[in-house]
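Here is the structure we will look at, set down as structure tokens.
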Amino acid sequence: MNSEEIIQHLYEQRKRFAEITELPLVRGVYAFFYNGKVLPHFPEEISENEILYIGKAARPTSSLQQRIAQTHFKSGLTDRSTVRKTFGSILKETLSLKPIPGNKNGRFRFDQESEDKLTEWMKSNLSVSFYEFPKTEQGIHHLETTIICLLVPKLNIQQNPNNPFRNKLQKLRKECAREARSFNS
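If you count by this note's numbering, then the sequence shown holds residues 645 to 829, one letter each, in order.
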């Protein structure tokens, strides 16, 4: 399949996270969709079929199941998940999330109550699709970058220089990191 066909596949395979019964134990790329219309900090409505985030499970020890269900949709792992950090930063005020220091220097996560709120919000409000692509790590990274460049998803910061929301998202994440650093002060 070429990149356009893979993107079409991602659109066609979209399912609410709560409806997914099984995720594959292979590598590939995945897409997140928002089931609502309005997100804080975004001046325009979000289209129902808009891919907001593209990610990958590329490492030899990684799988789509591990990245999606066991990292992105799991409480307590915000400091390991770019998309959780981004959604958490966007929803910090709306959900009253409290940033705290993460397990690695410079990273943040949320207190347990906030982590649980974020996980529940994500499970209730996001849809997911994936494309199994059991190629090399470099091949999967190239596919992810190609799709990001073609779609310019609003929540992808890396490899997405044309994203008009990039600076805003970076600022929101830095505010959470700064608040987390001052947590013990």
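Beta carbons are placed, not taken as given, at the ideal position from N, Cα and C, and that holds for glycine.
Keep in mind it's a predicted model, so treat the numbers as computed, not measured.
With 16 or more neighbouring CB atoms inside 10 Å of its own CB, Gly732 falls in the buried class. If the five residues before and after Ala713 are omitted, its C-beta is found closer than 6 Å to the C-beta atoms of Leu667, all from its own chain and listed in chain order. Going by C-alpha positions, Tyr655 is about 24 Å away from Ile734. Sequence-distant partners of Ser725 (beyond 5 residues in either direction) whose C-beta falls short of 7 Å from its own C-beta, in its chain, are Thr715 and His716. Taking Ala675 as reference, the option from Ala824, Thr730 and Val772 with the minimal CA-CA separation is Val772. The alpha carbon of Pro704 has as its nearest neighbour, out of Arg671, Phe777 and Pro684, the alpha carbon of Arg671. Sequence-distant partners of Arg660 (beyond 5 residues in either direction) whose C-beta falls short of 6 Å from its own C-beta, in its chain, are Ser771. The alpha carbon of Gly699 has as its nearest neighbour, out of Leu799, Asp755, Ala821 and Leu813, the alpha carbon of Leu799. Taking a C-beta distance under 8 Å as the contact criterion, Leu794 and Ser647 qualify as a contact pair.
The Cβ-Cβ distance between Ile744 and Asp755 falls below 8 Å. The closest CA to that of Ala702, considering only Gln803, Glu788 and Leu813, is found on Glu788.
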